[in-house]
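Asker:
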Amino acid sequence: MKTNFSLGTEITGQSILRAGYITVGEALTNNARIFPDRVAIQYEGGQLTFRQLNARACRLANALLSRGVVRGDRVAILSENRVEYCETIYAASKIGVIVPCLNWRLSSDELRHCIQLTTPETILISGQYRDKLEAIRRDIPFIKTVVLLDEKAEAKDEMTYDSLFDHGSDSEPSIEVLPEDAFTIIYTSGTTGYPKAAIISHRAIFGRAWTWVADLKLTDQDTFLGWAPMFHIASMDHMLVTNIIGGKFICVPAFEPEKIAHYIWTERLGWLVLMPGTYEPMFDVLTRSNKKPVGVRLVGAMADLTPPMTIAEITKLVNAPFLNSFGSTETGLPPGSNSTLAVGKVPTRLSKRVNSAVKIRLVDIGRP
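Each number in our numbering comes from the position in the sequence shown (counting from 1) with 73 added on.
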């Protein structure tokens with residue numbers, strides 16, 4: 074008996090390559106099937122299961138398509154952390170749209186530069202930062218549609234987020250998205266001039282997920298607390314990676330010590346990201362209570378910029394080792410975030426360990 078192995082299509086090098094990869098949007102579709110009733114996003118006032126998140130992402134993606142947005146277009150967002158931010162990222166992942174994540178801390182000149190660099194025709198904006206956009210609006214005439222997350226639409230080029238949803242269905246979009254497609258744009262701090270735009274692909278996100286699982290040993294049972302701004306990899310990367318592996322992302326609008334302490338006492342957290350400037354307020358809240366953490370696997374970031382005594386104190390308070398991280402916007406946690414500092418100990422050295430699945434070569438200054 075002969076077996077027909079024909080797939081009905083021509084098999085090419087490109088199709089074989091494509092078969093070996095997955096995109097962020099496809100991962101969400103898969104998790105909606107595998108963990109339909111598991112919470113994916115928790116936010117102030119509610120939560121979304123993987124099934125609900127996927128349906129809303131599809132609906133927003135289809136709504137954007139109906140408005141003329143196509144693969145490769147940029148749809149920017151200027152907002153604090155909120156569930157609509159998460160939905161927008163996932164909607165973009167399903168149709169090959171690129172999301173410039175704008176930093177609301179920037180000056181008008183810097184913000185203008187970042188928008189002009191990526192030329193989005195659509196921008197989503199929260200009420201908190203509406204004035205920032207209006208101050209530079211005539212310098213960015215290529216923006217055709219402003220989607221308001223909080224306010225009522227008044228001008229012809231404005232519409233509300235809810236009304237945008239009315240244009241979409243929750244069926245999966247039929248747009249081919251490739252792993253190497255640009256996905257998000259995160260702006261660097263611009264220490265030598267204006268902020269620079271780092272393009273993050275779908276494949277890059279999965280590379281970062283590898284580090285999350287292989288090196289940090291985090292699992293789908295570990296919740297990530299996203300209080301850091303989503304225009305930074307400290308929340309953006311880790312929302313995506315947490316959801317990819319089936320975990321829960323808690324979306325917190327800003328650094329609020331009391332609220333963060335509440336989650337420390339009520340949730341099992343994988344990596345509790347804290348940065349220089351946040352430790353003292355957290356000490357104050359945590360030491361005023363007799364409550365104990367439910368469980369924290371890792372705490373902290375950027376040990377080089379944190380006083381050694383502070384490292385000892387925070388690790389003792391939450392009973393978790395300190396992540397001795399060394400990464401960048403362009404690469405995520407790698408190349409050197411594969412070591413921890415002991416609980417309750419004052420570190421005497423901060424040597425880094427190279428992440429797995431990373432190639433690194435040390436060269437002399439000035440030598441490529």
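We treat Cβ as the ideally placed atom computed from N, Cα and C, and that holds for glycine.
1. Could you tell me the distance, in whole angstroms, from the CA atom of D437 to the CA atom of S410?
2. Give me the residue from E117, T218, V358 with the minimum Cα distance to E157.
3. Among K365, I317, P268, which one has its Cα closest to the Cα of L184?
4. Report yes or no: do the segment 139-148 and the segment 335-349 share at least 3 C-beta pairs separated by less than 8 Å?
5. With three or more beta-carbon pairs closer than 8 Å as the criterion, would you say the segment 414-426 touches the segment 380-390?
6. Using the C-alpha atoms, what's the distance from N428 back to S398?
7. Excluding five sequence neighbours on each side, which residues of the same chain lie with their C-beta closer than 7 Å to the C-beta of T261?
8. My output table needs one value for P394: the three-state DSSP class, helix, strand or coil.
9. Return the bridge partner residues of L435 from the DSSP annotation.
10. Here's a check: name, in chain order, each residue in its chain whose Cβ is nearer than 6 Å to the Cβ of H311, leaving out the five neighbours to either side.
11. Restricting to runs no shorter than 3 residues, where is the beta strand (DSSP E) found entirely within the segment 171-213?
12. Does the Cβ of E160 have 16 or more other Cβ atoms within 10 Å, making it buried, or fewer, making it exposed?
13. Report yes if the CB atom of I152 is closer than 8 Å to the CB atom of L222, and no otherwise.
14. Please work out which residues of its chain come closer than 6 Å, Cβ to Cβ, to L406, disregarding the five sequence neighbours upstream and downstream, and give them in chain order.
15. To the nearest angstrom, report how far apart A507 and T404 are at their CA atoms.
16. Alpha carbon to alpha carbon, how far is R211 from P330? Give it in angstroms, no decimals.
17. Once you ignore the five residues that flank A128 on each side, which residues in its own chain have a CB closer than 7 Å to its CB?
18. Could you please give the first and the last residue of the uninterrupted beta strand (DSSP E) stretch that includes W344?
19. Could you please give me the residues that DSSP links to E231 through a beta bridge?
20. With the cut-off set at 8 Å, would you say V358 and T339 are in Cβ contact?
21. Pull up the distance between the alpha-carbon of G373 and that of E353, whole angstroms please.
22. Of the choices I171, I433, L237, whose alpha-carbon is the least far from that of V250?
23. Pick out the complete beta strand (DSSP E) segments inside the segment 244-302, 3 residues or longer, and give them in chain order.
24. Given K225, which residues of its chain have a CB within under 8 Å of its CB, disregarding the five upstream and five downstream residues?
25. Y94 by DSSP, collapsed to three states: which one?
26. Here's the rule: buried if 16 or more other CB atoms are within 10 angstroms of the residue's CB, otherwise exposed. What is F254?
27. Kindly indicate which three-state DSSP category F108 falls into: helix, strand or coil?
28. Using the three-state DSSP reduction, which class does F123 fall into: helix, strand or coil?
29. From the DSSP output, in three-state form, read off A113 for me.
30. With a CB to CB cut of under 6 Å and the five nearest residues on each side skipped, what residues in its chain are close to W344?
31. Measure from the alpha carbon of Q115 to the alpha carbon of each residue in K389, R155, A165, then state which is nearest.
32. Quick check: what's the CA-CA separation for M375 versus E99?
33. Measure the beta-carbon distance from L342 to D295 and round it to whole angstroms, keeping in mind my assumption that it falls under 8 Å.
34. Name the two residues that bound the continuous beta strand (DSSP E) containing L371.
35. Around the Cβ of F215, are there at least 16 other Cβ atoms within 10 angstroms (buried) or fewer (exposed)?
36. Go ahead and label Y336 buried or exposed: buried means 16 or more other beta carbons lie within 10 angstroms of its beta carbon, across all protein chains shown.
Answerer: In brief:
1. For the pair D437 and S410, the Cα-to-Cα distance works out to about 22 Å.
2. Comparing alpha-carbon positions, the option among E117, T218, V358 lying closest to E157 turns out to be E117.
3. Of the candidates K365, I317, P268, the one whose C-alpha sits nearest the C-alpha of L184 is P268.
4. In short, these stretches do not touch, since the Cβ pair count stays below three.
5. Touching, yes.
6. S398 and N428 have their C-alpha atoms roughly 10 Å apart.
7. Within the same chain, P268, K269, A271, T402 come within 7 Å of T261 by CB-CB distance, once the 5 residues on both sides are set aside.
8. In this structure, P394 counts as coil in the three-state DSSP scheme.
9. BP columns for L435 are empty, so no partner.
10. When the five nearest sequence neighbours on each side are left out, the beta carbons in the same chain lying within less than 6 Å of the beta carbon of H311 are those of F297, in order along the chain.
11. Taking only runs of at least 3 residues, the beta strand (DSSP E) segments lying wholly in the segment 171-213 are 172-174, 195-198.
12. So E160 ends up on the buried side.
13. A quick correction: the sequence has Ser, not Ile, at residue 152. Yes, these two residues count as a Cβ contact at 8 Å.
14. Within the same chain, L406 has close Cβ partners T284, G400.
15. It is not possible to answer for residue 507, since the shown part of the chain is limited to 74 through 441.
16. Answer to the nearest angstrom: the Cα atoms are 39 Å apart.
17. Excluding residues up to 5 positions away in sequence, D243 lie with their Cβ nearer than 7 Å to the Cβ of A128 in the same chain.
18. Looking at the DSSP string, the run of the beta strand (DSSP E) that includes W344 is 341-345.
19. Paired residues: V219.
20. Taking 8 Å as the cut-off, the Cβ atoms of V358 and T339 do not count as close.
21. C-alpha separation (whole angstroms): 13 Å.
22. Here the closest residue by C-alpha is I171.
23. Whole beta strand (DSSP E) segments, 3+ residues: 255-260, 270-274, 297-299.
24. If we look at K225 and ignore the five residues flanking it on each side, its Cβ neighbours are T233.
25. Correct three-state label for Y94: coil.
26. The amino acid occupying residue 254 in the given sequence is Asp; Phe does not appear at that position. D254 comes out buried.
27. It is coil, neither helix nor strand.
28. Three-state DSSP puts F123 in a helix.
29. A113 sits in a strand when the DSSP states are folded into three classes.
30. Answer for W344: L371, listed in chain order.
31. Nearest C-alpha to Q115: R155.
32. Looking at the two C-alpha atoms, the distance is approximately 33 Å.
33. The C-beta distance from L342 to D295 rounds to 7 Å, short enough to fall under 8 Å.
34. Counting along the chain, the beta strand (DSSP E) containing L371 begins and ends at 368-372.
35. By the 10 Å Cβ count, F215 comes out exposed.
36. Buried, since its Cβ has 16 or more Cβ neighbours within 10 Å.
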